Amino acid sequence: MFEITWDSFIRIVTVGVLAYIGLLVFLRTSGKRTLTKLNAFDLVVTVALGSTLATILLDSKLSLWEGLTAFAVLIVLQYLITFTAVRSKSFNKLIKSEPRLLFSEGKFLEQAMRDERVKDIEIMQAVRNSGEGDLQNVKAVILETDGSMSVITTQAGNALANVKAQSKKDPL
Numbered sequence: 009m010f011e012i013t014w015d016s017f018i019r020i021v022t023v024g025v026l027a028y029i030g031l032l033v034f035l036r037t038s039g040k041r042t043l044t045k046l047n048a049f050d051l052v053v054t055v056a057l058g059s060t061l062a063t064i065l066l067d068s069k070l071s072l073w074e075g076l077t078a079f080a081v082l083i084v085l086q087y088l089i090t091f092t093a094v095r096s097k098s099f100n101k102l103i104k105s106e107p108r109l110l111f112s113e114g115k116f117l118e119q120a121m122r123d124e125r126v127k128d129i130e131i132m133q134a135v136r137n138s139g140e141g142d143l144q145n146v147k148a149v150i151l152e153t154d155g156s157m158s159v160i161t162t163q164a165g166n167a168l169a170n171v172k173a174q175s176k177k178d179p180l
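Here is the structure:
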């Protein structure tokens, strides 16, 4: 359980360094978007790349070339999905969620909160994290497509332009 042979140690170090360099080359080639957290697909790729790196390091049955191929497949799939999403509104809508208004003009939007499985204490935490100490100064709280919450104060401009309200009666 606590033993390691010199052969496995040398393999882990050698393959680890080479896989890490290979991953860095792939990431630099693929651009900044590969490791963003803009949506669920971006998160999946980031986690999958980390898992693949760990597998390359620890599974002696897996060759370095197989691991690098796995990196390439994940990055190419990410590129194809984002390439298509940028060029097709319907595909973009299929794979990405919309930002959701959770708090507006001093009111918690209960149905939106229930739909998104968010509690009022989580919204208040986001408000505090934004540096705002009074809900009266908050115009809106939005659950963003990446799962984070944005707090818009009453001094904010038109940042709510693409946020869907729960219904026609909900303020925006």
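Counting in our numbering, the sequence shown runs without a single skipped number right up to 180 at its last residue. Glycine included, C-beta positions come from ideal geometry on N, C-alpha and C. Just so you know, these numbers come straight off a predicted model, no measurement behind them.
Assuming residue i is part of the beta strand (DSSP E), what are its boundary residues?
i, result
"I160", "157–161"
How many Å lie between residue i and residue j at the Cα?
i, j, result
"P107", "E124", "11 angstroms"
"S105", "F99", "11 angstroms"
"K115", "I129", "13 angstroms"
"E74", "L85", "16 angstroms"
"G141", "T161", "11 angstroms"
"V146", "S112", "8 angstroms"
"S38", "Y87", "7 angstroms"
"V126", "E152", "12 angstroms"
"L76", "R122", "42 angstroms"
"I131", "K97", "30 angstroms"
"R136", "I12", "48 angstroms"
"A148", "L70", "50 angstroms"
"D15", "G58", "24 angstroms"
"D50", "Q163", "32 angstroms"
"R231", "F34", "No answer is possible for residue 231: it lies beyond the span of the chain, which begins at 9 and ends at 180."
"F17", "V52", "30 angstroms"
With a Cβ-Cβ cutoff of 7 angstroms, do residue i and residue j count as a contact?
i, j, result
"I64", "A27", "yes"
"E54", "L43", "Before going further, note that residue 54 is Thr rather than Glu in the sequence given. Yes. Within cutoff."
"A56", "L82", "yes"
"F79", "L31", "yes"
"L72", "V21", "no"
"T90", "R36", "no"
"D154", "L46", "yes"
Alpha helix (DSSP H) containing residue i: first to last residue?
i, result
"V146", "No alpha helix (DSSP H) contains V146, which is instead part of the beta strand (DSSP E) from 146–151."
"R122", "118–124"
"I129", "128–137"
If residue i and residue j are in contact, beta carbons under 8 angstroms, what's the gap, nearest whole angstrom?
i, j, result
"I150", "L117", "Their Cβ separation, rounded to whole angstroms, is 11 angstroms, which puts I150 and L117 out of contact at 8 angstroms."
"A134", "V171", "In fact, because the Cβ distance is near 15 angstroms, the residues do not count as touching under 8 angstroms."
- Mind pulling the beta strand (DSSP E) runs of 3 or more residues that sit fully within the stretch 78–115? Complete beta strand (DSSP E) runs here, min 3: 108–112.
- Query: In chain order, which continuous runs of the alpha helix (DSSP H) of length 4 or greater are located wholly inside the stretch 22–67?
  - Reply: Correct list: 48–66.
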